[in-house]
Structures are given as C-alpha cells and as structure tokens.
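Residue numbers (my numbering): 28 to 209. C-beta: ideal position from N, C-alpha, C; glycine also. Computed from a prediction, not measured in an experiment: that's the story for all the values here. Reviewing the structure listed below.
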C-alpha cells in the first residue's frame, strides 16, 4: 500500500502556502520601526496604575515603622514567602523580623490589601535585576530602604479595601430611608 500521489501533492501545497504566509509576515515587519527599548539606558514610562516590587514604609506623622507585626501578610501569602516575628513593646507592637523572598513572590497584592496599618506597599518600579538570588531575599532594613528610594504605587491597603466595599445602600441621600420605609 503506497501513499496516494494526490495526498503527497496536497501536503506539499499546504507546506508551500504556510511558508508563503510566514514569509509575508516577515516581509511586512522587516521595515517596521523596532519597538525594543534599550534598557537600562532608556526607561519606559509606566502606566499610572503600575504596581511593582514590595516595600515597607514608615508612618508619616511619627516617623516610626508602620508594621506592627500582626502577621496577616504572612498568613494570607499564597506562596508563603513572607516571614514576620512580632516584638511586643509597652505602647505598641513592632516587627522584630520581617523577611520577603522576592524571587518567589507572585505579586498578587494580597499582603498589601490585608495590612491594617498600610505598612507594606507596592512600588512603581521593578528594577532589582541581579544575578544572585540571595540578593532578592529582602530583610526589614532593605524593604524600608526600597520604600524610601522609589515612588509608591497608587494602591494602599485601605484604598483597595474601600474600592472593594459594596456601594452604599440606596444610592443618593434620602433614597435609603424610602427603601427602608417600603
């Protein structure tokens, strides 16, 4: 049983059509202006809502570190890359130890959303390129330094929680009272 000559010609014709189509795409794009950005000498402008690496911040009013060591970020983290140890003090609690394994982080932003003091934020950068993974194991001091060095993202924990809250019942003023009366 030898293959039919028409099936061989059909397969050959399909191959010629596929090569022709691929070469057409190549020729169309051959004279286009390249879109490659010569990073790091040229940096792209990021969108307003861009969220990058994580950092810890200080309270604006007092200058103290905002993290109280509640461990909510550690508990909610899906890949479990955050480790927190609490230090109990007289007036308030602090994070004695805070480590973040950035090389395994999913950037899901859940830790930012659950933080009651907005101590952990996302920054508007991702520039931590390195050849050694150990440099992406960030401790508390390095996370604070990142928070001072780069611009924060638009999203904070309280802002994100406010966006996710259901709209007020009844809409405009007075309509809620009408709904309750009916």
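The criterion of a C-beta distance shorter than 8 angstroms is satisfied by residue 171 and residue 83. Around the beta-carbon of residue 94, 16 or more other beta-carbon atoms lie within 10 Å, marking it buried.
Look at residue 130 here: in three-state DSSP terms it is helix. The beta-bridge partner set that DSSP reports for residue 92 consists of 85. Between residue 127 and residue 139, the C-beta spacing is not below 8 angstroms.
With 16 or more other Cβ atoms inside 10 Å of its own Cβ, residue 184 counts as buried. Remark: C-beta atoms of residue 180 and residue 161 do not approach each other more closely than 8 angstroms. The shortest CA-to-CA distance from residue 153 to any of 49, 48, 81 and 143 is the one to 81. Nearest to residue 129 by C-alpha distance, out of 176, 44 and 165, is 165. Note: residue 122 is bridge-paired with 113 in the DSSP secondary-structure output. The continuous stretches of beta strand (DSSP E) do not include residue 80, and DSSP gives it neither H nor E.
The beta-carbon distance between residue 123 and residue 137, rounded to whole angstroms, is 23 angstroms. This is too long to meet the 8 angstroms contact definition. Runs of the alpha helix (DSSP H) lying entirely within the stretch 134–173 and spanning at least 4 residues, in chain order: 137–141. Rounded to the nearest angstrom, the Cβ distance from residue 99 to residue 132 is 16 angstroms, too far for a contact under 8 angstroms. Residue 104 counts as buried, since at least 16 other C-beta atoms from the protein chains shown sit within 10 angstroms of its C-beta. The C-alpha of residue 64 is placed about 21 angstroms away from the C-alpha of residue 53.
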